[in-house]
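In what follows, a structure is listed as structure tokens, so that the remarks can point back to it.
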Amino acid sequence: KIIATVTIVSRHRAVAVGPQGAPKIPAAEPTLDAQRVRDTLARFLSDWPEASAKDRVSMARFFGFFRYVPALPSLRAAAEPLSGEDAVASLRALALLGDVGSAELFRKVLRSRSDCELIRLSGATLADWRDDHSYPLLVSTLLTTDCSDTTPAVLVRALAQIRHPHHEDLLFFVMNAASAPTVRLAAAAALAPKAAGPRIRPAETLGLDTIAELQVTTPFPDPVSDPKASLAFWGLAHFNAGNCRRAAQAATRLLEGRDATDRKRIALSLSAASIPCLSQARDSGILAALRDAIPHGEQALAVPNDSLPPALPEVDAMPTPWVDWIVQLATRFALWEDTRSMAQFAFAVERMEYARRRGVGPVSPAEEAASAPGKPVRVPRLPLHTLEELSADWSEPDRFEEYQFPGGQPEWWPDWIDITIDDGPRPARLRPILDVLDASGVKVTFFFIGSNVARQWGNRPQVTRDLLARISASGHRIGYHSINHDTSLLAHLQARTAGQIADDIRLFDQIVSVAAGTPWEHVYGRLPGGMGARLKHVNHGFDLAGLKAPVHWTLQEPTWGPSTSVKSVKGLARQLLRSRKRTVILLHEYQGVHKQLAAFIRTVENERRPVAAAD
């Protein structure tokens, strides 16, 4: 029944938009109307509970293709295991349906990091839905994935769709820190067109240099058996109009020094993917390189002309493998330019596979436009009470009151005063602070911002590593203070689910561990602005990532801030000593804070040392 219906419905779809200049499929009988399609989908849904996994795959494809909303609960349940053909098909259908309510399923796929196909689908779908709060999860996945196919390229493209206040800094970190060469290559290709980049030198030059280095030191990812890998990296690397010439030069180098089959496959992929770019780079030598790399009889398919792309020949007469034409379809479907979801692309491929069997040829521009999704759906912002309800079953292990001050303090240091310093690291300001602390032996906690650590390590890796090592050797602690320190209402950590808060913390862990060269000690974190420290889902997120409750403070500006005089700081020290009240001081790495610290610590020592000696 499924096979017959698939054929009927597919014929019905093809007739609706028949490709230009291609043999027409005979019109379906008049009784095949929208109501009949709905009836068929309803029968699919009623048969779903008893259907085999193979049948569910077919059903799920049509639920998604026809945007059949009543199937959502069944599709979600089938996708939940995150493994198996029916789960994959169900996830694709959920993506096509724009079911933002299933966004957490796609996040779970990225956290599991087990199946490359599902990782690609999930990353592209969350980006298509503009799930901004999943940005840290995507970066974290890139740093750890061992998928060597198109997965890195898809994830990098997803990051570009979502964007982030520190996107270039984090992508630059990925380019340098990821262990997988394909990930580093994808990140480098994405950075190359940027006009402004890390301070060492323009990211454009740095990105292309890294691409060249990787081409020499590592094999290109299996372009012979999978030219889609070539497409993935070229799709990222063909940049924008201003960089077409440099991109074409890089592609020309890629074609050199390889055997004929290898060059042919790469050339087919590059030429197909670079259609928007080649017309502006004709004097770069890339077209000649492509022609030299492809046997004479195949130039018509590989080198574009005014008709984009050329018509597909009869199937039996196709001079190149079907997968090469699928690569052209990927570009034609604007996978890299319009950032359509991978699920949408998959269904386009399935429709083209049916057309190929029927001898119809490629879809027309009209059909392509007709199948394009409408206004992009977006993952909604959940209200605080909903976020709290999602963590209702979690039991709270501790609160800020259980926060423990650093150990190893000098004997004269009062055990009721703690100093914390936020928003670093800024090496020029951090060094004098450490000088003051080391001279006195007082231990503090530095709450660093992840993107700051990533940027400092990217620009000056050894300097940053030495500073972090000095902090650890002196007995200080490094705490989590978010990746980007955004205190706006919709972007703050308290606006995220517990799982997304944990994702942010895990990325911070990866960044600090790479920068320091040693694992980060999971203990404490602080929220930007201190907002949400008492919320249950926020504490749940900290717990999921292995941190204790968020650390707050009891003393801050204006009591002690950038404009506070040294005399006032000394008076504050005496006041805190007299009160003997548990005090957590909040400071920042502003200019001159080291002088204030020196005065505060010296006052405490002068007041307390006689007492400590007497004790």
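Just so it is clear: in the sequence shown, position 354 is 407 by the numbering used here, and no numbers are missing.
Glycine residues also receive a C-beta, built at the ideal position from the N, C-alpha and C atoms.
What you are looking at is a predicted structure, and each value in this text was computed from that prediction instead of being measured.
Spatial distance of residue i from residue j (CA atoms)
{"i": "Asp100", "j": "Pro126", "result": "14 Å"}
{"i": "Gln457", "j": "Leu94", "result": "60 Å"}
{"i": "Leu588", "j": "Glu441", "result": "7 Å"}
{"i": "Gly614", "j": "Val657", "result": "18 Å"}
{"i": "Lys648", "j": "Gly494", "result": "16 Å"}
{"i": "Arg479", "j": "His575", "result": "22 Å"}
{"i": "Leu509", "j": "Gly624", "result": "In the sequence as displayed, the identity of residue 509 is Gln instead of Leu. Straight-line Cα distance between these residues: approximately 36 Å."}
{"i": "Ser616", "j": "Pro581", "result": "22 Å"}
{"i": "Gly578", "j": "Gly532", "result": "5 Å"}
{"i": "Thr607", "j": "Leu639", "result": "8 Å"}
{"i": "Lys161", "j": "Val646", "result": "43 Å"}
{"i": "Ser193", "j": "Arg109", "result": "32 Å"}
{"i": "Arg650", "j": "Val591", "result": "Checking the sequence shown, residue 650 turns out to be Leu, not Arg. If you take the alpha carbons of Leu650 and Val591, they lie about 32 Å apart."}
{"i": "Gly528", "j": "Ala243", "result": "39 Å"}
{"i": "Ala256", "j": "Asn512", "result": "Summary for Ala256: the model assigns pLDDT 40, below 50, so the residue's position carries little reliability; its value from the coordinates is reported in the next sentence. Near 11 Å, if we compare the C-alpha coordinates of Asn512 and Ala256."}
{"i": "Pro463", "j": "Gly594", "result": "34 Å"}
{"i": "Thr235", "j": "Asn505", "result": "25 Å"}
{"i": "Arg434", "j": "Arg549", "result": "8 Å"}
{"i": "Glu170", "j": "Gln609", "result": "49 Å"}
{"i": "Arg120", "j": "Leu149", "result": "7 Å"}
Nearest neighbour of residue i, chosen from the options [CA to CA]
{"i": "Gly151", "options": "Val207, Ala243, Ile215 and Arg431", "result": "Arg431"}
{"i": "Ala652", "options": "Leu640, Arg661 and Val619", "result": "Val619"}
{"i": "Ala213", "options": "Asp199, Arg120 and Tyr188", "result": "Tyr188"}
{"i": "Glu642", "options": "Pro123, Leu483, Ser566 and Arg120", "result": "Leu483"}
{"i": "Ala551", "options": "Asp596, His575 and Ala233", "result": "Asp596"}
{"i": "Val122", "options": "Ser111, Leu135, Ala140 and Gly154", "result": "Gly154"}
{"i": "Gln644", "options": "Ala481, Arg452 and Ile531", "result": "Ala481"}
{"i": "Leu98", "options": "Met112, Arg89 and Gln88", "result": "Met112"}
{"i": "His186", "options": "Pro603, Asp491, Asn537 and Gln628", "result": "Asn537"}
{"i": "Arg631", "options": "Leu135, Ser167, Ser621 and Arg661", "result": "Arg661"}
{"i": "Met228", "options": "Leu147, Asp446 and Ala206", "result": "Ala206"}
{"i": "Gly585", "options": "Leu542, Arg530, Phe561 and Arg89", "result": "Leu542"}
{"i": "Asp476", "options": "Gly461, Arg434 and Thr540", "result": "Thr540"}
{"i": "Pro436", "options": "Gln547, Pro218, Pro485 and Thr517", "result": "Gln547"}
{"i": "His605", "options": "Thr517, His593, Pro459 and Gly583", "result": "Gly583"}
{"i": "Gly599", "options": "Gln515, Trp573 and Ala146", "result": "Trp573"}
{"i": "Pro102", "options": "Ala131, Pro603 and Arg237", "result": "Ala131"}
{"i": "His220", "options": "Thr198, Gly503 and Leu521", "result": "Gly503"}
{"i": "Thr517", "options": "Ile554, Val567, Gln553 and Thr498", "result": "Val567"}
Local conformation of residue i per DSSP, three classes
{"i": "Tyr456", "result": "coil"}
{"i": "His641", "result": "strand"}
{"i": "Thr498", "result": "strand"}
{"i": "Gly461", "result": "coil"}
{"i": "Thr617", "result": "coil"}
{"i": "Val657", "result": "helix"}
{"i": "Ile536", "result": "coil"}
{"i": "Leu608", "result": "strand"}
{"i": "Arg145", "result": "helix"}
{"i": "Gly578", "result": "strand"}
{"i": "Asp475", "result": "strand"}
{"i": "Thr636", "result": "strand"}
{"i": "Arg216", "result": "coil"}
{"i": "Arg662", "result": "helix"}
{"i": "Arg530", "result": "strand"}
Within 9 Å, strictly: CB atoms of residue i and residue j
{"i": "Ala240", "j": "Leu191", "result": "no"}
{"i": "Ala106", "j": "Glu138", "result": "yes"}
{"i": "His534", "j": "Phe500", "result": "yes"}
{"i": "Glu455", "j": "Lys634", "result": "no"}
{"i": "Asp556", "j": "Arg164", "result": "yes"}
{"i": "Asp471", "j": "Val637", "result": "yes"}
{"i": "Arg129", "j": "Leu158", "result": "yes"}
{"i": "Phe226", "j": "Ile564", "result": "yes"}
{"i": "Ala142", "j": "Trp182", "result": "no"}
{"i": "Ala124", "j": "Phe118", "result": "no"}
{"i": "Lys496", "j": "Leu487", "result": "no"}
{"i": "Ala233", "j": "Arg210", "result": "no"}
{"i": "Asp168", "j": "Leu135", "result": "yes"}
{"i": "Thr473", "j": "Ser525", "result": "no"}
{"i": "Leu521", "j": "Ala445", "result": "no"}
{"i": "Pro459", "j": "Arg530", "result": "yes"}
{"i": "Thr198", "j": "Arg237", "result": "no"}
* Asked: Which full runs of the beta strand (DSSP E) of 3+ residues lie inside the region 99-175, going along the chain?
  -> none
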